[in-house]
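Numbering (the UniProt record's numbering), first residue to last: 1 to 284.
So this is what it looks like as structure tokens:
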């Protein structure tokens, strides 16, 4: 099946590519989000490509894995564990691979284990991989201070909703009157964050002297999707500010400000080196 997740993963990591094929990466994310059962097949392909002796293919596989983790969430994180990809990544580090490959692998493992809460988190396997490398004396890349997580992990405990108070009624009414629902689910937040990350990476890889490249179909599609989320994020921000003003006017003891209640949609953490630079070094 030409548009299966496995076939798409093969195309996204083909050794003839000189760099990430963002259109194929996004297509793969769409396939898995539509049919999560195909995540396993795609991850099996990526595991095989991670074991490839060609560092360019390994970087491509890591790039795809990054896109999937940012856009497909739970299904991918579960399959990373079940397909034993974490063990494959540990093996890569211990075999003294290409430096770019090594740094990306270490960054992913560290980011994931922190986001999932360490040994007592939802997936302790991520911490186990991190600990195994630590015990072996592997030094991880330094973490960015005040960095935004690469993704929003699933919540271990259900969210406890506070009763709706009178001071929130005005904000709720504004939301009801809007054509676009301001509420963003966890999956939508993950998807919006991933789309923004990919768009920034694609734009940073463009040649400044070729503005016509901005008209590429994949870029136009990404911009369109990001704009659709922007309206809802702006409305959500306004509602949070309005709610905070109402709290202060009614003498509420709550001191939380609106900024702490808005989930960041755009990831500004750039721990990874520019993907195109990685592949340029390997093209020779």
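The beta carbon of each residue, even a glycine, is placed where N, CA and C say it ideally should be. Quantities reported herein were computed from a predicted structural model and do not represent experimental measurements.
Legend entry - Sub-8 Å separation of residue 58 and residue 49 beta-carbons: Result yes, Cβ atoms of residue 58 and residue 49 sit closer than 8 Å.
Inset, instruction - Assuming residue 20 contacts residue 63 (C-beta within less than 8 Å), just tell me the rounded distance between them. - result: 5 Å
Legend entry - residue 102 to residue 221 span [Cα, whole Å]: The alpha-carbon atoms of residue 102 and residue 221 are separated by roughly 32 Å.
Inset, instruction - Mind the definition here: the segment 129 to 137 touches the segment 87 to 98 only if three or more C-beta pairs lie below 8 Å; say whether that holds. - result: Cβ pair count under 8 Å is three or more, so yes.
Inset, instruction - Between the Cα of residue 142 and those of 111, 65, 40, spot the shortest distance and give me the residue it belongs to. - result: 111
Inset, instruction - Take residue 24 as the anchor and find which of 3, 33, 43 has the nearest alpha-carbon. - result: 3
Legend entry - Among 119, 8, 18, the one whose alpha carbon lies nearest that of residue 44: 8
Inset, instruction - Quick one: grab the DSSP three-state call for residue 141. - result: coil
Legend entry - Sequence-distant residues of the same chain with beta carbon closer than 6 Å to residue 65, five excluded per side: 46
Inset, instruction - Using the Cα positions of residue 56 and residue 118, report the straight-line distance between them to the nearest angstrom. - result: 31 Å
Inset, instruction - Please classify residue 110: does DSSP put it in a helix, a strand, or coil? - result: helix
Legend entry - Rounded separation between residue 69 and residue 77 - CA only: Going from the Cα of residue 69 to the Cα of residue 77 covers about 7 Å.
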